[in-house]
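Asks: Got a structure for you, questions after.
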Amino acid sequence: MDPRWWHTAVIYQIYPRSFQDSNGDGIGDIKGIISRLDYLHTLGINAIWLSPVYKSPNVDNGYDISDYRDIMDEFGSIEDMDELISEAAKYDIKIIMDLVVNHTSDQHPWFIEAKKGKDNKYRDYYIWRNPVDGNVPNNLRSSFGGSAWEFDKYSGQYYLHLFSKHQPDLNWENEKVRQEVWDLMNFWLEKGVGGFRMDVIDLIGKVPDEEITSNGPKLHEYLQEMNRKTFGKYDVLTVGETWGATPDIAKLFSNPERKELSMVFQFEHICLDQQEGMEKWDLKPLQIKELKRVIAKWQTALGKKGWNSLFWNNHDLPRIVSRWGNDKQYHSESAKMLAILLHMLRGTPYIYQGEEIGMTNYPISSIEEVDDIESRNMYYERLAKGYSKREILESINAKGRDNARTPMQWDDTENAGFTKGTPWLHVNPNYHQINVKKNLENPNSIFYTYQQLIRVRKENPIITWGDFQLIENTEEEVFAYYRKLGNEKWLIVANFSESESVFSSKDVVKKVIMSNYKQNNINLSNKRLKPYEAFVVRI
Ligand code: TEU
Ligand code: CA
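Quick note, the sequence shown lines up with residues 67 to 605 if you use this note's numbering.
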């Protein structure tokens, strides 16, 4: 594959509402982000994936857009955005915009027009169907609960919304819709953005009448057209959010010869603690052996015909150290282990804000503390089904999206230095112990592990380009693999457990590249592993 900048890059995701408030209204904003560029430069990242900052009524925190060419008042102005792009460029940091074009807000002028009647010129921008026997057209469900069809009394038709009813789905079959999307993408490309993260992009080819939502028949045709009409002429990163991707599907998206996207986010590893065929709230314990199998599969299956993105976290997922690490006794060890394991893989790593200091899930005790539409809808739906409050809150504490959305913990002053006002969402009370300032002051902090991982990746092509090989015959809780490029060979070993374990191999260590426990020399014959120990060695 032709090397591109994003092959060796590390991306940092910012959830703007919770990153840094600059004016005391309790809501993070663009000026706040600008004031923290220096910090991100110290970490060493190359690009920021910015969750949506466009005008939005905020039913789904910006994933419901009412104007794609303007900025949400609370976040600032279009001038602030221009300034962010140019200030970030001074640090060699690119801005990757979140492109949410499967749906708009119901407050978008297109939808306001479309609702005016069947002959309105914007009617066909959305997906309308007549009732069937006086009821919904079919059984399509919304991701946020209930039917995906909402009745519009005025016209007597239903419109489709795969998310909330305030997020009507665009009709991608309509050529004019596609042209509108190309225009708005070009608007941002001309401003010099570094690419797009494409929200639920595998839904745009849906065939609602056949109840096909993801991976519809025209999906790849649309993406090839998008590539030709917009970013194909630019040196940018594009990453699609694709919950329904298998490795074969991921190759369709990311094989450079097909001229679609740079890479996709796949979620197979992320779904391993969910009961088969159930919802994300229905948990089961993670099996390390499954995690090894799934990661190894994705590491090898794409071959030279596709590219992986690597992530543990985003704004929809619980905090990884609380999920598959240990956010109490082995907080630091397990956070570093997870970082080392992921960042030594082949692909482009993404860090979600606060992950680099080991931020943890926020413990909620009542639904009043919850902002997220997905959790709130599920709460009332399951209450009505007879679940107890206790079990529902347990699910939200484990998997709710607000876990990752609490404000960034900068220091131990009031509200963790996030705002001088009242934060829009509660700050995690553990900010006195877990914050950026403390991390920067401690050379052994989680932050410096991330910083080192980013630096080591830049200095060693083996991490970007080397082959991956899982080591099969280890203790179950030990995740070990080789990376190999030319004559160079690296070994990565991680103990995914709070108990001691052991790893044994005939390999001889030439150099310890890094480790989460201090050690200058490692003997691999019967190497005892401490809780959550992880190391990278050249052999
Ligand atoms: O998420 C896609 C999506 O399907 C989410 O509902 C996700 O499955 C869920 O949160 C996990 O349980 C994207 C965005 O990342 C999310 O924030 C938006 O709410 C959603 O699309 C709609 O735009
Ligand atoms: Ca603000």
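Heads up, the beta-carbon is just placed ideally off N, CA and C, and yes, glycines get one too. None of these values were measured; they are calculated from a predicted model.
#1: At a cut-off of 7 Å, would you count Asp-265 as near ligand 1, judging by its Cβ distance to the nearest heavy atom?
#2: Since Phe-534 sits in a beta bridge, which residues does DSSP pair it with?
#3: Say whether chain B places a C-beta atom closer than 8 Å to the C-beta of Arg-448.
#4: The alpha helix (DSSP H) with Lys-355 in it runs from where to where?
#5: Taking the alpha-carbon positions, what's the Arg-207 to Trp-476 distance?
#6: Does the beta-carbon distance from Pro-415 to Leu-368 come in below 8 Å?
#7: Assuming Pro-429 and Asn-463 are in contact, meaning their beta carbons sit under 8 Å apart, how far apart are those beta carbons, in whole angstroms?
#8: Can you list the residues near ligand 3, meaning Cβ strictly closer than 5 Å to any non-hydrogen atom, in the order they appear in the chain?
#9: Taking the beta strand (DSSP E) that Arg-263 falls in, what are its first and last residues?
#10: Please indicate yes or no: does the CB of Trp-309 lie closer than 7 Å to some heavy atom of ligand 1?
#11: In terms of DSSP beta bridges, what is Trp-215 paired with?
#12: For Ile-520, does the three-state DSSP call read helix, strand or coil?
#13: DSSP three-state label for Tyr-445, please.
#14: Using 8 Å as the cut-off, can you tell me whether the segment 488 to 503 makes contact with the segment 467 to 475, which would need three or more C-beta pairs spanning the two stretches below that distance?
#15: In whole angstroms, what separates the C-alpha of Asp-468 from that of Thr-426?
#16: Beta carbon of Arg-467: closer than 7 Å to some heavy atom of ligand 1?
#17: Under 7 Å from any heavy atom of ligand 1, does the C-beta of Val-166 make it?
#18: Quick check: is any heavy atom of ligand 1 less than 7 Å from the C-beta of Asp-382?
#19: Three or more C-beta pairs under 8 Å: does that hold for the segment 402 to 412 against the segment 560 to 580?
#20: Check each candidate in Ile-131, Asn-186 and Glu-440 and name the one with the smallest Cα separation from Trp-617.
#21: How many angstroms separate the CA atom of Glu-566 from the CA atom of Gln-79?
#22: By the DSSP assignment, the beta strand (DSSP E) with Leu-459 in it spans what residues?
#23: Whose C-alpha, out of Ile-114, Leu-103, Met-67 and Arg-70, is nearest the C-alpha of Tyr-418?
#24: Is any heavy atom in ligand 1 found nearer than 7 Å to the beta carbon of Tyr-129?
#25: Rounded to the nearest angstrom, what separates Arg-549 and Trp-556 at their Cα positions?
#26: Is it the case that the segment 163 to 183 contacts the segment 275 to 289, given that we only count it when at least three CB pairs across the two stretches are under 8 Å?
#27: Between Ile-361 and Glu-307, which are expected to be in contact by the criterion C-beta below 8 Å, what is the C-beta distance as a whole number of angstroms?
#28: Does the beta-carbon of Thr-515 have 16 or more other beta-carbons within 10 angstroms, so that it is buried, or is it exposed?
#29: When the Cα of Thr-486 is compared with those of Tyr-288, Ala-75 and Ile-93, which residue comes out closest?
#30: How big is the Cα-Cα spacing for Ala-75 and Asp-533?
#31: Tell me which same chain residues have a C-beta within less than 7 Å of the C-beta of Phe-141, skipping the five on either side of it?
#32: Roughly how many angstroms separate the alpha carbons of Ser-230 and Arg-359, rounded to a whole number?
#33: Work out the CA separation of Leu-250 and Tyr-134 for me, nearest whole Å.
#34: Is the segment 287 to 305 touching the segment 261 to 277 in the sense that three or more CB pairs, one from each, lie closer than 8 Å?
#35: Work out the CA separation of Asp-139 and Ile-100 for me, nearest whole Å.
#36: Distance, Cα to Cα, Arg-102 vs Leu-289?
Replies: Short version:
#1: yes
#2: Bridge partners of Phe-534: Arg-549.
#3: Going by chain labels, chain B is absent from the structure shown, which holds only one protein chain.
#4: 354 to 367
#5: 40 Å
#6: Not closer than 8 Å, so no.
#7: 6 Å
#8: Although ligand 3 was asked about, the structure shown includes only ligand 1 and ligand 2 as ligands.
#9: 261 to 264
#10: yes
#11: Leu-226
#12: helix
#13: For Tyr-445, the secondary structure class from DSSP, reduced to helix, strand or coil, is helix.
#14: yes
#15: 11 Å
#16: yes
#17: yes
#18: yes
#19: yes
#20: One cannot answer for residue 617 here, as it falls past the ends of the chain, which runs 67 to 605.
#21: Going by C-alpha positions, Glu-566 is about 34 Å away from Gln-79.
#22: Where Leu-459 is concerned, there is no enclosing beta strand (DSSP E), although the alpha helix (DSSP H) it sits in stretches over 455 to 465.
#23: Ile-114
#24: The nearest non-hydrogen atom of ligand 1 is less than 7 Å from the C-beta of Tyr-129.
#25: 5 Å
#26: no
#27: That belief does not hold up - the Cβ atoms of Ile-361 and Glu-307 are roughly 19 Å apart, past 8 Å.
#28: buried
#29: The amino acid at residue 486 is misidentified as Thr; the sequence shows Lys. Lys-486 has its Cα closest to that of Ile-93, out of Tyr-288, Ala-75 and Ile-93.
#30: Going by the C-alpha atoms only, they are around 18 Å apart.
#31: Once the five neighbours on either side are set aside, the close Cβ partners of Phe-141 are Pro-82, Asp-95, Ile-96 and Val-119.
#32: 35 Å
#33: Approximately 7 Å between the Cα atoms of the pair.
#34: yes
#35: 17 Å
#36: Arg-102 and Leu-289: Cα-Cα distance of roughly 34 Å.
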